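There are 2 protein chains.
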Amino acid sequence: KIPDVVVRRLPLYLRAVEDFYRKDQAIVSSSQLGEWTGFTPAQVRKDLALFGEFGKQGIGYDARFLHNKLREILGLTRDVSVGLVGLGNLGRALLHHNVRARMGTPGVEGDPKHWVPETLRIVAAFDVDPEKVGVTYAQVPVYHVDQLLGKSAELGLEIMVLAVPPDSAEAVAYECVKAGIKAILNFAPVNLVVPDDVKVYSADLTLELQSLAFYTTH
Amino acid sequence: KIPDVVVRRLPLYLRAVEDFYRKDQAIVSSSQLGEWTGFTPAQVRKDLALFGEFGKQGIGYDARFLHNKLREILGLTRDVSVGLVGLGNLGRALLHHNVRARMGTPGVEGDPKHWVPETLRIVAAFDVDPEKVGVTYAQVPVYHVDQLLGKSAELGLEIMVLAVPPDSAEAVAYECVKAGIKAILNFAPVNLVVPDDVKVYSADLTLELQSLAFYTTH
Ligand SMILES: NC(=O)c1ccc[n+]([C@@H]2O[C@H](COP(=O)([O-])OP(=O)(O)OC[C@H]3O[C@@H](n4cnc5c(N)ncnc54)[C@H](O)[C@@H]3O)[C@@H](O)[C@H]2O)c1
Ligand SMILES: NC(=O)c1ccc[n+]([C@@H]2O[C@H](COP(=O)([O-])OP(=O)(O)OC[C@H]3O[C@@H](n4cnc5c(N)ncnc54)[C@H](O)[C@@H]3O)[C@@H](O)[C@H]2O)c1
Numbered sequence: 007k008i009p010d011v012v013v014r015r016l017p018l019y020l021r022a023v024e025d026f027y028r029k030d031q032a033i034v035s036s037s038q039l040g041e042w043t044g045f046t047p048a049q050v051r052k053d054l055a056l057f058g059e060f061g062k063q064g065i066g067y068d069a070r071f072l073h074n075k076l077r078e079i080l081g082l083t084r085d086v087s088v089g090l091v092g093l094g095n096l097g098r099a100l101l102h103h104n105v106r107a108r109m110g111t112p113g114v115e116g117d118p119k120h121w122v123p124e125t126l127r128i129v130a131a132f133d134v135d136p137e138k139v140g141v142t143y144a145q146v147p148v149y150h151v152d153q154l155l156g157k158s159a160e161l162g163l164e165i166m167v168l169a170v171p172p173d174s175a176e177a178v179a180y181e182c183v184k185a186g187i188k189a190i191l192n193f194a195p196v197n198l199v200v201p202d203d204v205k206v207y208s209a210d211l212t213l214e215l216q217s218l219a220f221y222t223t224h
Numbered sequence: 007k008i009p010d011v012v013v014r015r016l017p018l019y020l021r022a023v024e025d026f027y028r029k030d031q032a033i034v035s036s037s038q039l040g041e042w043t044g045f046t047p048a049q050v051r052k053d054l055a056l057f058g059e060f061g062k063q064g065i066g067y068d069a070r071f072l073h074n075k076l077r078e079i080l081g082l083t084r085d086v087s088v089g090l091v092g093l094g095n096l097g098r099a100l101l102h103h104n105v106r107a108r109m110g111t112p113g114v115e116g117d118p119k120h121w122v123p124e125t126l127r128i129v130a131a132f133d134v135d136p137e138k139v140g141v142t143y144a145q146v147p148v149y150h151v152d153q154l155l156g157k158s159a160e161l162g163l164e165i166m167v168l169a170v171p172p173d174s175a176e177a178v179a180y181e182c183v184k185a186g187i188k189a190i191l192n193f194a195p196v197n198l199v200v201p202d203d204v205k206v207y208s209a210d211l212t213l214e215l216q217s218l219a220f221y222t223t224h
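Here you go:
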């Protein structure tokens, strides 16, 4: 059983390896991965060792092998379809960002520190507002939330992002669970109650703000 | 010198202690803090030990003392004023959330897992769009970004949140540095170049999505 704190570091390792791999580096060391991600080389080695014996002591990891291995561990060697519920301010920001992070922006180089695996894609959005239902926003079709069950099955949605107001979040989560969604990224400031086999991440942008406050006095 | 990975855990410890403290619990143990935050009790003790000797072995921490100590460490025993640059989709979502997280929403109980210290407040926003400048949004006045230097001084802004498009981010960061801002929360997918005494956090909502992909196959 892999601790969640490790699972949260894996995408950073993947990004780091992706960066070295794209620059044609064949071997990547734990100190390079540590420097890129901000974790200690010891932490890097300890984390990766949970998944197998793939480093060479004193040398490092085969970049191509590690790149594939991390994608495999994260389930990203296949297409993973994501749905978004709530096309308000936050929902629209997520879709815009989704597009920019993949395509880059004219005149601005895509930053390797922000790459998103191309297999992980938001492919549908759901809302209740009649003004938003039936349109396409940032290349994503918007359906009525009544279609959540049907579209989840049809499109094979596996992860749902909840960007709805707090008072709708529990009801929407319930629909997602009924639809067989196993992983939810929730932005609404409410504690969702779900079955044990459903993973909920509660995203909180203010936490980083609170950590930053530390640096105003240190 | 406190490692950044520890600084990122501190706001969670503060929230946990706040929760126990509000429920009139006088002593809080490292295992209770660990269970609340998801970190191991050993990690909790190790982190807190970096700041002093305040636990009693086999008993725990004085909740009131720890609550104050954590606020002190995070610089949150004084008012810390935050500015927001970019009142687009993301900026508006942050201001909405700012209001909801503090006030709660009618009919929905504020979740202790989402509390924000009341001393940390977004007090001003900046934009270039004439439609947005000069209005008040979610109780926050919106100024033109040309006024960033002046307002930062006048309002004592210490942290700036950047929710502008990627091609404006570097220029805005430069203005913030000139204004004496020491901590920046950047959402734009570009790598900001700043002096060594300025701390930049690069927020990335997609990272959690990538970690969640792990749970679709495990
Ligand atoms: N965690 C954080 O750091 C953070 C930051 C910003 C926003 N938020 C939260 O994200 C959520 C969205 O914020 P916002 O500013 O975009 O809100 P918003 O009001 O702009 O958007 C909410 C959208 O959800 C839709 N909606 C409402 N009920 C629905 C339902 N039952 N099914 C489907 N769609 C529904 C609305 O029509 C609207 O389009 C809020 O809960 C907010 O508190 C969290
Ligand atoms: N890191 C993440 O996970 C994540 C998620 C969502 C959005 N984003 C990023 O956040 C940023 C904002 O996204 P959005 O959807 O809200 O964009 P948006 O286009 O809706 O809003 C941008 C706002 O910035 C203003 N602006 C532009 N140039 C400015 C300048 N020089 N000074 C002040 N204001 C200026 C615009 O007038 C507009 O109001 C983008 O860079 C986006 O990629 C990141």
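So the protein lines, in turn, are chains A and B.
Going by the numbering used here, the first sequence wraps up at 224, each residue one higher than the last.
Going by the numbering used here, the second sequence wraps up at 224, each residue one higher than the last.
Ideal placement from N, C-alpha and C gives every residue a C-beta, glycine not left out.
Values in this document were obtained by computation on a predicted structure and should not be read as measured data.
Relative to ligand 1, even the nearest heavy atom lies 7 angstroms or more away from the CB of residue 192 (chain B). Residue nearest to residue 183 (chain B) within the set B:167, B:173, B:171 is B:167 (criterion: CA-CA distance). At least one CB of chain B lies nearer than 8 angstroms to the CB of residue 207 (chain A). In the three-state DSSP reduction, residue 61 (chain B) falls in the strand class (E or B). For residue 71 (chain A), no beta strand (DSSP E) encloses it; the enclosing alpha helix (DSSP H) starts and ends at 69-79. Between residue 196 (chain A) and residue 121 (chain A), the alpha-carbon positions lie close to 29 angstroms from each other. Under the three-pair Cβ rule at 8 angstroms, the region 193-210 of chain B counts as touching the region 207-217 of chain A. Distances from the CB of residue 169 (chain B) to the heavy atoms of ligand 2 include at least one below 7 angstroms. Taken atom to atom, the span from the alpha-carbon of residue 164 (chain A) to that of residue 92 (chain A) is near 17 angstroms.
By the C-beta density criterion, residue 191 (chain A) is buried, having at least 16 other C-beta atoms within 10 angstroms.
For residue 34 (chain A), the beta-bridge partners assigned by DSSP are A:67. Look at residue 132 (chain A) here: in three-state DSSP terms it is strand. Scanning B:177, B:187, B:186 for the CA closest to the CA of residue 194 (chain B) turns up B:177. Residue 205 (chain B) is bridged by DSSP to B:189. Counting other Cβ atoms within 10 Å of its Cβ, residue 224 (chain A) stays below 16 and is therefore classed as exposed.
Judged by DSSP in its simplified three-state form, residue 150 (chain A) adopts strand.
Inter-residue distance for residue 169 (chain A) and residue 63 (chain A) is about 45 angstroms (C-alpha atoms, whole angstroms). With 16 or more other CB atoms across the displayed protein chains lying within 10 angstroms of its CB, residue 123 (chain A) is buried. Using a Cβ-Cβ distance cut-off of 8 angstroms, the region 12-26 of chain B and the region 75-86 of chain B are in contact, since at least three pairs of beta carbons, one from each stretch, lie closer than that value. Residue 130 (chain A) is outside the set of residues whose beta carbon lies under 8 angstroms from a beta carbon in chain B. In this structure, ligand 2 has a non-hydrogen atom nearer than 7 angstroms to the beta-carbon of residue 100 (chain A).
Below the 8 angstroms Cβ cutoff, chain A contributes no neighbours of residue 181 (chain B), its closest Cβ being approximately 18 angstroms away.
Check the Cα spacing between residue 145 (chain A) and each of A:161, A:158, A:117, A:104: the tightest is with A:104.
Check the Cα spacing between residue 30 (chain A) and each of A:68, A:44, A:58, A:171: the tightest is with A:68. When secondary structure is reduced to three states using DSSP, residue 93 (chain B) falls in the coil class, being assigned neither helix nor strand.
Against chain B, a Cβ distance below 9 angstroms from residue 137 (chain A) picks out nothing, because the smallest value is about 15 angstroms. Within the same chain, Cβ atoms closer than 6 angstroms to the Cβ of residue 72 (chain A) are found at 23, the five residues on either side in sequence being excluded. Shortest gap from the CB of residue 97 (chain A) to any heavy atom of ligand 1: under 7 angstroms.
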